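Heads up: the structure comes next, in structure tokens.
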Amino acid sequence: MRFERLFAGRAPEIDPREIERPDRFVETLAPQGWPDARVEAWLDWAAIAAPGEADAESALDGAPERHAARLTAAGRDAGLFATEADARAFAADLVDSVLAGYAAPAPSAPALPAPLHVSAIEFRTAAADHVGKARADRLAREAAAQLEAALTAVADAVLRCEGDARACSDPARNVALARAAQKARAAGASDASIADAVASAAAPAFAASSVEPASITPLLALAEPADVAAGDEFAALAARASWETGGVVLALSPADAEALAAGATTRAAINAAAFLGEDGFDTRAFSHAVRIWTVALELERPVDGAVALTLAGVGDWLLAQGLSPADDAGRNAAAALWALTAGEALAASASVAEALGAGEAFTVEADRIIASLAQRADLAAALTGPLAAPAAAALRTALAAVQAHGLRGPGLVAAFEDAETALRLGARPGLDAGWSLIQASETLDGYAVPQFSGAAQAALRSIDVDLDAVRLHALGTGSLEDAPGVDHRALAAVGFTGHEIALAEAALRAGGDLRAAFAPAVVGADFIGDVLGATREALADPAFDTLAFAGFAPDAVADAEAHAVGSGRLFDCPALPAETQELLRAFEAPAHADRIAFTAAVEIFACAPWPLALVAPFDARPADLLRLQASAARAGVRALKLSRAPAPADFALDLPEAQIETPRARPPEPIVTERLVEKVVERQRERRKLPDRRKGYIQKAAVGGHKVYLHTGEYEDGEVGEIFIDMHKEGAAFRSLMNNFAIAISIGLQYGVPLDEFVDAYVFTKFEPAGPVTGNDSIKSATSILDYIFRELGVSYLGRDDLANGDPQEFNADGLGRGKSAETEDETEEPAPLPASKFISKGFSRGATPDNLVFAAFGRRKDDAAKASALADQADICPACGDVALSRKGGLVVCESCNGQAERPSPRG
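According to the UniProt record's numbering, the sequence shown is numbered sequentially starting from 1.
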């Protein structure tokens, strides 16, 4: 074969680059204008397809040269090149086509399972198994997410608890833990899993891995086009399986089904848009690129294996010429481009077959392949447009070459889609590749920013339009400054600082979702909890909306998002003329009918199909997918892959409240049972002011050596309504904080907050000063000033004797304390009465209390002593309760414990 040197000097300049790899930074040479992600994708390819010693003086560490050298050596060994100059020209243009962005190799395609006809019994079994696995995987992921959230709430309930660790881990003593455990059990968690969550709450947490969907192998189905177009019962079965899983590939001919099942071991893509210049489309350079890459694929083709050469950037190629895929002119132009590709590729393959011999697979199906090629040549002759004549001529030349020399194997020109190839080539391969007019570009400092594609910029420059207005509509300003509804001033008014706003704007530019940009993981869960007041339960919810919690309306959020990141679309920009909007709509939001018509017109020139992926709305029914399937079959599409869009993030069913119908039958007789009636009295939220002259008490004590004076004020009924806290020899700041804290507690008490709520909230708080308490007869040890104050209030006003600790060592590490003092007072001694002046303020009563008023001590010590003496004499035991509390009352013997009567005791002798 003869090769000319055509791409010399077309590769851009090479610059040194520093690329971040998974484990290190590497330095390499790469063409100017390539983003780092593209360079890294080529380095990934080089590690697999072109291993060898890196050449620091060559682009991409010399990987394209090594790849071309390996293929050239294989061609030399096979005697493919007529001269050494042809071999050198082949290798050089192969390298230059890579660096110029004309073409790129692609990874092999995975093989699909053997096709099953939709009318076969085996297909019904396989479809049922496929649907069952996909449904089980979806339900398992949903259940796992719910259980993970419920068990996380259980662990959070333990971590939020302050106090004794055992009490915090006991649902009977930790009310929040009990509620979280009940919710986890209702979500399906076992009690063992709940216990594990409680036990591991204080242990180091592992990062939760995202639950990815299970790998469900696509189901390859075969059907007759006429049956699918008519929507028969077997086609309906395939449509229902597609509706359930989205993983059914439907081929409409046996040859296409076998081609899809075989896959392709070696693939490459050519960027058609790269050959557009100021002088139009460079047909000669494009045909040369197709020829050399066809030879490269044939040199790598395994014995009777399939290879695939596809086109990329077809959408940009059409848009740059002002052509729409939704009309006949655009479809004819794209079909002519694919016909030209098929003709040049098949002619090159026949030339390789002339040198190396035809493959066995071609020999078996030679008649079918030649007949199909002749049909394509006739169809190409009917096309219109600048490329129609070259395409028809190329197919006629290929037909003659194939008839004379055959082909190396099946396949060759076949559409496919691959993300890695799109990244390496800078254009998306495929027949209908979901064309996007907005792509990521990289600035000089390495930041990725959205920008219009080259074709979109060319289309916009060709008309008189305000480019700044179009850019703001589609791409936004990149900032929330002066945004409607949610701008910097509105965010600062609710508590956001410049730091959180900067974090959110960076995430917004990267993701484009304003709500996700203000997620707790971005701006900080602690900030949202401390400043905005969100609870931990709310923050643990994956659907927590920070902006909605802060009070921003959904419309305001949507307007601010559009201001910052734009709509991401061009076709609905009001600054564009109506005809331009329609042209751009065909690329950005094509209708299903337009995509079906475009695919049917283009893929007829391909050797193997690529399933047309059509996504129906989420609320579509199986019948909708069946109609879509029938439309594609009637149009002549060769393969389909139907699916539904995922549910919207805010999707929720509008369920009415359950209504209980009154039974018409005679109701049964009512069963009279005891019922507890609870009367709920709601107190109005009005301040209950204290009287001007109020009573209370003052308690002086020292906590850890720091003096504390607690003043209380009471209502007429004795309920506490205010407190004052004074410290001795403390700093001014600390004293002021304690005074204002006391004012806040007092206002809460006067507005109806129960004292026990404050007591439960502040006891056991831990901070300095802390330690032994002196001067208080009930509280002997405290963990902080607040712990002491609310212990004292709980003991004095609520009767919470459980908060009193007479032993100052009760809270030592050993928990044993010192025990009773050896010097105990005589329990048999009668306590003396106390004067009333010890408890009643003479000033408060203004002398109205008599001086001779005393409080008598109440107790049963004397009675108990007398009883013990009497029992010691008679030692009679009550037969009813077993107590020795019998006493004589007249002629009877009565038990003072149970008031039962015993038999008259016999006289002692």
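Cβ atoms here follow ideal geometry from the backbone N, Cα and C, with glycine treated the same way.
These figures come from a predicted structure and were not determined experimentally.
Whole angstroms are fine: how far does the CA of residue j sit from the CA of residue i?
i	j	result
ASP164	LYS766	12 Å
ASN271	ALA308	15 Å
PRO107	ASP23	24 Å
GLU825	ARG694	Here GLU825 scores only 46 on pLDDT, less than 50, and its place in the model is too uncertain to base an answer on.
ARG800	ARG791	8 Å
GLU57	GLU18	14 Å
ARG735	ALA702	15 Å
SER242	ALA616	11 Å
LEU29	ALA46	14 Å
ARG585	LEU628	21 Å
ARG638	THR125	24 Å
PRO113	VAL486	52 Å
ALA207	ALA153	Annotation note: pLDDT 48 at ALA207 (below 50); position unreliable, coordinate value reported separately. ALA207 and ALA153: Cα-Cα distance of roughly 16 Å.
ALA593	ALA261	27 Å
GLU142	ALA422	32 Å
PRO410	ASP304	7 Å
ALA732	GLN750	27 Å
LEU60	GLN403	41 Å
ALA109	ALA401	28 Å
PHE527	SER462	50 Å
LYS183	ALA543	17 Å
Within a Cβ cutoff of 7 Å, which residues of the same chain sit near residue i, ignoring the five residues on either side of it in sequence?
i	result
LEU431	ALA415, THR599, VAL602, GLU603 and TRP610
SER210	Unreliable positioning characterises SER210 in this predicted model, as indicated by a pLDDT of 49, which lies under 50. The coordinate reading is nonetheless provided below. Correct list: empty, nothing qualifies.
LEU6	ASP93, ALA285 and HIS288
PRO171	LEU177, ALA178 and ALA181
LEU425	GLY101, ALA104, ALA269, ASN271 and ALA312
residue 910	Only positions 1 to 909 of the chain appear in the structure, and residue 910 is not among them; the question remains open.
LEU798	LEU755, ASP756 and VAL759
ASP227	PHE234 and ALA235
Under 6 Å Cβ to Cβ from residue i, same chain only, skipping five residues before and after it: list those, please.
i	result
SER351	MET1
ALA333	LEU323 and GLY385
ASP15	GLN32
ALA342	VAL413 and PHE605
ARG267	ALA106 and ALA308
TYR715	GLY721
ASP86	ARG2 and PHE3
GLU354	HIS405
Excluding the 5 residues preceding and the 5 following residue i in the sequence, name in chain order all residues of the same chain whose CB lies nearer than 8 Å to its CB.
i	result
ARG331	PRO325, ALA597, PHE598, ALA601 and VAL602
PRO484	ALA556, ASP559, ALA560 and HIS563
ALA575	VAL465, ASP466, ALA469, VAL470 and HIS473
ALA111	ALA261, ALA262 and GLY263
VAL795	SER778, ILE779, ASP801, LEU803 and ALA804
So what does residue i bridge to, in DSSP terms?
i	result
HIS711	ILE698 and PHE724
GLU20	PHE25
ASP513	None, per the DSSP bridge assignment.
THR397	None; THR397 has no bridge partner.
GLY280	GLY277
CYS878	Beta-bridge pairing links CYS878 to no other residue.
CYS161	CYS161 pairs with nothing; no bridge assigned.
ASP15	ALA30
VAL639	As written in the sequence, residue 639 is Ala, which differs from the Val given in the question. Paired residue(s): ALA251.
Looking at the structure shown, is residue i part of a helix, part of a strand, or coil, going by DSSP?
i	result
MET1	coil
VAL486	coil
GLY568	coil
residue 910	No information on residue 910 is available, as it lies outside the stretch 1 to 909 that the chain covers here.
PRO390	helix
GLN451	strand
ALA73	helix
ALA180	helix
LEU112	coil
ILE745	helix
THR535	coil
GLY411	strand
ASN740	helix
Assuming residue i and residue j are in contact, meaning their beta carbons sit under 8 Å apart, how far apart are those beta carbons, in whole angstroms?
i	j	result
LEU407	ALA358	6 Å
GLY246	ARG644	6 Å
LEU151	ALA189	6 Å
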